[in-house]
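Just so you know, we're using the working numbering here: the sequence shown kicks off at 534 and counts up by one.
First the structure, in the form of structure tokens, and then the observations on it.
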Amino acid sequence: MQAKKRYILVFVSCAFLAYAYFGGYRLKVSPLRPRRAQHESAKDGGVQPHEQLPSFIGSPELQELKLLQGNQSKSTGNPIKKHQVTPRKPDCRMETCFDFTRCYDRFLVYIYPPEPLNSLGAAPPTSANYQKILTAIQESRYHTNDPSAACLFVLGIDTLDRDSLSEDYVRNVPSRLARLPYWNNGRNHIIFNLYSGTWPDYAENSLGFDAGEAILAKASMGVLQLRHGFDVSIPLFHKQFPLRAGATGSVQSNNFPANKKYLLAFKGKRYVHGIGSETRNSLFHLHNGRDMVLVTTCRHGKSWRELQDNRCDEDNREYDRYDYETLLQNSTFCLVPRGRRLGSFRFLEALQAGCIPVLLSNAWVLPFESKIDWKQAAIWADERLLLQVPDIVRSISAERIFALRQQTQVLWERYFGSIEKIVFTTFEIIRERLPDYPVRSSLVWNSSPGALLTLPTFADSSRYMPFLLNSMGAEPRHNYTAVIYVQIGAALGPNAALYKLVRTITKSQFVERILVLWAADRPLPLKKRWPPTNHIPLHVISLGGSQKPRSHEAGPTSQTTEGRPSISQRFLPYEEIQTDAVLSLDEDAILNTDELDFAYTVWRDFPERIVGYPARAHFWDDSKNAWGYTSKWTNYYSIVLTGAAFYHRYYNYLYTNWLSLLLLKTVQQSSNCEDILMNLLVSHVTRKPPIKVTQRKGYKDRETGRSPWNDPDHFIQRQSCLNTFAAVFGYMPLIRSNLRMDPMLYRDPVSNLRKKYRQIELVGS
534 MQAKKRYILV FVSCAFLAYA YFGGYRLKVS PLRPRRAQHE SAKDGGVQPH EQLPSFIGSP
594 ELQELKLLQG NQSKSTGNPI KKHQVTPRKP DCRMETCFDF TRCYDRFLVY IYPPEPLNSL
654 GAAPPTSANY QKILTAIQES RYHTNDPSAA CLFVLGIDTL DRDSLSEDYV RNVPSRLARL
714 PYWNNGRNHI IFNLYSGTWP DYAENSLGFD AGEAILAKAS MGVLQLRHGF DVSIPLFHKQ
774 FPLRAGATGS VQSNNFPANK KYLLAFKGKR YVHGIGSETR NSLFHLHNGR DMVLVTTCRH
834 GKSWRELQDN RCDEDNREYD RYDYETLLQN STFCLVPRGR RLGSFRFLEA LQAGCIPVLL
894 SNAWVLPFES KIDWKQAAIW ADERLLLQVP DIVRSISAER IFALRQQTQV LWERYFGSIE
954 KIVFTTFEII RERLPDYPVR SSLVWNSSPG ALLTLPTFAD SSRYMPFLLN SMGAEPRHNY
1014 TAVIYVQIGA ALGPNAALYK LVRTITKSQF VERILVLWAA DRPLPLKKRW PPTNHIPLHV
1074 ISLGGSQKPR SHEAGPTSQT TEGRPSISQR FLPYEEIQTD AVLSLDEDAI LNTDELDFAY
1134 TVWRDFPERI VGYPARAHFW DDSKNAWGYT SKWTNYYSIV LTGAAFYHRY YNYLYTNWLS
1194 LLLLKTVQQS SNCEDILMNL LVSHVTRKPP IKVTQRKGYK DRETGRSPWN DPDHFIQRQS
1254 CLNTFAAVFG YMPLIRSNLR MDPMLYRDPV SNLRKKYRQI ELVGS
């Protein structure tokens, strides 16, 4: 009996397996095609024709996928509706919707002129932020007034706010675009936008006009709207956002990780219903009033009392207990949940405060995500898993917090601190998409000083950038080029300061070449009047003047620059400068060889800074409400004059090719202040002060006699320049320091009798 049961069980099992196998095989075969045809196709190794492939339209799998997408959209507060899934833009790529031929010579941007007044004498409205964007472009090196030379075109029509209920909404944009002479369906145009769509669905693709083939630089962009490699996601910024540099990051010290009062914080609006309400309505579950402060208010909108729920009164009372700025400054992590749109003002506010953003906005494409590695500065959480956020932030180590907070400051100061930086970053991202333009590495984009200050056209390797040498474990190339700027042009003889200076330089063990920039009105001295250079190449370049230069008598090489010479020409990136180090000298500088060699030795340890002798300082004058400039000997300094200083040759390239034309025009008009401007530039790049080295006792900055620096108006001019420069930069880049490098035992721990730089200690030598 037992054996019979076993046989029956085995028979049933075999029958079930046979049915499952053959039945399953039948299920795999499409009812639209015979099995034999499929088998023959497989034997031949061929691919099924598309008309014979099985159709999945209406299949359960597809319906399940649609349902899943709908649930995800609902969880993110962005329900998919039929009227939202209309075609938004052509599926553009740079290769299909952009004319590269317009950008081969230079990367220039043309702005359409303002539209003429209408019949009522009114001009089309332009918001303050859009005007800042236009001003930033117009005052930059990107701008051109010639449309035929432009690579990019920017509308004169304000497109920032495309919410039809907003007071900044510009109407009749399609008809206005049709009147633009170079529109060409948007090709090579860039459209800036912060808000799109309106109540109740806030559709991100609802601009109210067809952007065609134009590049969108847009805030709150979602993964389904972004055309990857074409559009650019930008941050959402408020109406008071500064045009230029604005405030620096709030983290002023490296006391990381600081024990902040709050671990996680958020203070903002609570949407009782509609898009964005799910997440913010649930934040009260995380609020404990101790290390986690997440407070919301219902008090916004005209009809908030009509829409309030039972928890609004309690939430409003808790909301009023906390100051927003205090929370930002005293929190380690700041929650950045989506609002009506994917982006939020809190994202930039958290970055500036050094509060690590915790992102709760599913499907949001973060600003400049194609270049910035946000994993180094932000934390992600899922809107559908809100209750996991406390565990996520508690699990992050102190070392990780240290790195994240540091990176928030780097990104804020380099890319997000002003509208100007946001616009320029957008342009540089587009510029790197051009076929022949060098692409900066991720290291350059995500480390200080950032891509905007690292011009890839300077060199084909990052090792030639002064601020990347230390991080790459490299050293600057040996020796230096001495560049002497001659503005007075006194008679050249053995007792002349210029003659003595050239002789002193030739005795240096590190000099490779001497370059004399002759900007004086006097003719160039005869070749025989120059001192012997001991096989050190001497090049004399005439920068022009009232006298016709005699270049054939000036030495091995000579050049002439037509027109009135500018004092900024001393910082041109001359081809003769092949060394990393540049020794900038005025013709009447009084230095000995030990001073030159010691300063060069110090510079090699700090190749990203200016290292030199004569120092000056800036200060804030409350009585004049302006910056002051002083040459008095104090316990601190912030400027090292380039009349006797070393710096990296890359700064000549930046000075010439990056600085605002407004700054260079100020120097040109005053024939002064070029050394102050170079100091501001280097401090802006490095966020560090220059370095002063010890000079001889009794050392004088300059000789007395006929000199433009003895003009009583000279000091007043320099103070005026300082304030003009600070206004154009948008802040004061100069940094105070009381550090001084002394030659005594500098990198040489030996006895006093074996000092390397003995001449520096001799009085009056």
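Idealized CB from N, CA, C, for every residue including glycine.
message: Using 8 Å for Cβ pairs, my map puts V869 next to L797. What's the rounded Cβ distance?
response: As a first step, residue 869 is located in the sequence shown; it is residue number 336 there, counting from the start. As a first step, residue 797 is located in the sequence shown; it is residue number 264 there, counting from the start. In fact, because the Cβ distance is near 11 Å, the residues do not count as touching under 8 Å.
Helix, strand or coil at Y852 according to DSSP, with G and I counted as helix
Counting from one through the sequence shown, the residue named residue 852 turns up at place 319. Three-state DSSP puts Y852 in a helix.
Item to complete: Would you check if the distance between the CB atom of N662 and the CB atom of I962 is smaller than 8 Å?
Response: As a first step, residue 662 must be located in the sequence shown, where it is residue number 129. As a first step, residue 962 must be located in the sequence shown, where it is residue number 429. No, Cβ-Cβ distance for N662 and I962 is not below 8 Å.
DSSP beta-bridge partners of F799: What you label residue 799 is simply residue 266 of the sequence shown in a count that begins at 1. The bridge partners DSSP lists for F799 are L827.
Exercise. Look at the alpha carbon of E965 and the alpha carbon of R973, and state the distance between them as a whole number of angstroms.
Key: In the sequence shown, the residue the question calls residue 965 occupies position 432. In the sequence shown, the residue the question calls residue 973 occupies position 440. Each residue's alpha carbon lies about 8 Å from the other.
_Quick check: what's the CA-CA separation for T812 versus D915?_
If you number the sequence shown from 1, residue 812 lands on position 279. If you number the sequence shown from 1, residue 915 lands on position 382. Taking C-alpha positions only, T812 is separated from D915 by approximately 10 Å.
field: C-beta atoms of C845 and R760 nearer than 8 Å
entry: Reading the sequence shown from its first residue, position 312 is the one you call residue 845. Reading the sequence shown from its first residue, position 227 is the one you call residue 760. Contact flag unset, no.
Query - Secondary structure, alpha helix (DSSP H): runs of 4+ residues fully inside the region 1121 to 1190 - result: Those alpha helix (DSSP H) runs which fall completely within the region 1121 to 1190 and span 4+ residues are 1126 to 1138 and 1183 to 1190.
What do you get for I1249, buried or exposed, if any count of 16 or more other CB atoms within 10 angstroms of its CB means buried?
Sequence index remark: in the sequence shown, residue 1249 carries index 716 (1-based). So I1249 ends up on the exposed side.
Q) Does the Cβ of E698 have 16 or more other Cβ atoms within 10 Å, making it buried, or fewer, making it exposed? A) In the sequence shown, counting from the first residue as 1, residue 698 sits at position 165. Reading off the sequence shown, one finds Leu at residue 698, where the question assumed Glu. Exposed, because fewer than 16 other Cβ atoms sit within 10 Å of the Cβ of L698.
*In this structure, what does DSSP give as the bridge partners for H722?*
Taking the first residue of the sequence shown as 1, we reach residue 722 at position 189. F686.
Residue from L688, T958 and L1210 with nearest C-alpha to P768
Taking the first residue of the sequence shown as 1, we reach residue 768 at position 235. Just measuring C-alpha positions, the residue of L688, T958 and L1210 sitting nearest P768 is T958.
Open item on the list: If distances are taken between C-alpha atoms only, which option among D734, F770 and P733 comes closest to K751?
Closed with: By one-based count along the sequence shown, residue 751 stands at place 218. The option with the nearest alpha carbon to K751 is F770.
### Query
Between A1122 and A1024, what straight-line distance do the alpha-carbon atoms span, to the nearest angstrom?
As a working note, residue 1122 is residue 589 in the sequence shown. As a working note, residue 1024 is residue 491 in the sequence shown. So the alpha carbons of these two residues sit roughly 16 Å apart.
For Y1279 and F1131, what's the separation of their Cα atoms in angstroms?
As a working mapping, residue 1279 is identified with position 746 in the sequence shown. As a working mapping, residue 1131 is identified with position 598 in the sequence shown. The C-alpha of F1131 is placed about 9 Å away from the C-alpha of Y1279.
Enumerate in chain order the residues of its own chain whose CB-to-CB distance from S975 is below 7 Å, with the five nearest sequence positions on each side excluded. Position 442 of the sequence shown, counted from the first residue, corresponds to residue 975. Hits under 7 Å: D906.
Report task. Less than 8 Å between the CB atoms is what I'm expecting for F640 and C684, so what's the real figure, rounded? Result -> Locating residue 640 in the sequence shown gives position 107, counting from the first residue. Locating residue 684 in the sequence shown gives position 151, counting from the first residue. Right, their Cβ atoms sit about 5 Å apart.
Original post:
Contact between the region 1211 to 1231 and the region 1133 to 1148: three or more CB pairs below 8 Å?
Top reply: The region 1211 to 1231 vs the region 1133 to 1148: in contact.
Considering Cα atoms alone, identify which of L1048, N1256, G762 and V642 is closest to M627.
Reading the sequence shown from its first residue, position 94 is the one you call residue 627. Comparing alpha-carbon positions, the option among L1048, N1256, G762 and V642 lying closest to M627 turns out to be G762.
inquiry  = For T1167, tell me which candidate among A910, A744, F774 and P1147 has the shortest Cα-Cα distance.
reply    = Here residue 1167 corresponds to residue number 634 of the sequence shown, with the count starting at 1. Residue P1147 is the option with its Cα nearest to T1167.
>> Relative to the C-alpha of I929, which candidate in S1075, N718, Q909 and A1150 has its C-alpha closest?
In response: Mapped onto the sequence shown, residue 929 falls at position 396. Ranking S1075, N718, Q909 and A1150 by Cα distance to I929 puts Q909 first.
task = Could you tell me whether the Cβ of N721 comes closer than 8 Å to any Cβ of chain C?
result = No chain C is present in this structure, which holds just one protein chain.
(request) Please report how far the alpha carbon of Y735 lies from the alpha carbon of T830, in whole angstroms. (result) Position 202 of the sequence shown holds residue 735. Position 297 of the sequence shown holds residue 830. About 21 Å.
| Within 10 angstroms of its Cβ, does V1200 collect 16 or more other Cβ (buried), or is it exposed? | If you number the sequence shown from 1, residue 1200 lands on position 667. Result: buried.
Mapping the DSSP letters down to three states, classify S1253 as helix, strand or coil. Along the sequence shown, read from residue 1 onward, the residue named residue 1253 stands at position 720. In the three-state reduction of the DSSP assignment, S1253 falls in the helix class, which pools H, G and I.
(Q) Quick check: the Cα distance between L937 and F686, rounded to an integer number of angstroms? (A) Counting from one through the sequence shown, the residue named residue 937 turns up at place 404. Counting from one through the sequence shown, the residue named residue 686 turns up at place 153. Annotation: L937 to F686 spans about 37 Å, alpha carbon to alpha carbon.
Given 8 Å, three or more beta-carbon pairs between the region 694 to 713 and the region 982 to 995: Segment contact: the region 694 to 713 against the region 982 to 995, fewer than three CB-CB distances shorter than 8 Å; contact not assigned.
In its own chain, which residues sit with a C-beta less than 6 Å from the C-beta of Y948, not counting the 5 before and 5 after it?
Residue 948 sits at position 415 when you count from the first residue of the sequence shown. Within its own chain, the residues whose Cβ lies closer than 6 Å to the Cβ of Y948, once the five positions on either side in sequence are excluded, are K954 and T958, listed in chain order.
Going straight from the alpha carbon of I808 to that of R1137, what length do you get?
Working through the sequence shown from its first residue, we reach residue 808 at position 275. Working through the sequence shown from its first residue, we reach residue 1137 at position 604. The C-alpha of I808 lies about 58 Å from the C-alpha of R1137.
For the beta strand (DSSP E) holding D1119, just list the boundary residues, first then last. If you number the sequence shown from 1, residue 1119 lands on position 586. A1114 to D1119 is the span of the beta strand (DSSP E), which, as asked, contains D1119.
Say whether the region 742 to 750 touches the region 842 to 858, bearing in mind that this needs 3 or more beta-carbon pairs closer than 8 Å, one atom from each stretch. With the cut-off at 8 Å, the region 742 to 750 and the region 842 to 858 do not touch.
Q) Three-state secondary structure (DSSP) at R873? A) Within the sequence shown, numbered from 1, the residue matching residue 873 stands at position 340. The answer is coil: DSSP assigns R873 none of H, G, I, E or B.
By DSSP's criteria, F866 is part of a beta bridge. Which residues make up the other side? Locating residue 866 in the sequence shown gives position 333, counting from the first residue. Residue pairing for F866: DSSP places it in a beta bridge opposite L797 and I889.
- Query: Does the distance from the CB of V1218 to the CB of F960 come in under 8 Å?
  - Reply: Along the sequence shown, read from residue 1 onward, the residue named residue 1218 stands at position 685. Along the sequence shown, read from residue 1 onward, the residue named residue 960 stands at position 427. Going by C-beta atoms, V1218 is not nearer than 8 Å to F960.
Item to check | G1173 versus P646: straight-line alpha-carbon distance, rounded | outcome: Reading the sequence shown from its first residue, position 640 is the one you call residue 1173. Reading the sequence shown from its first residue, position 113 is the one you call residue 646. Gly is not the amino acid found at residue 1173; the sequence shown has Val there. About 43 Å.
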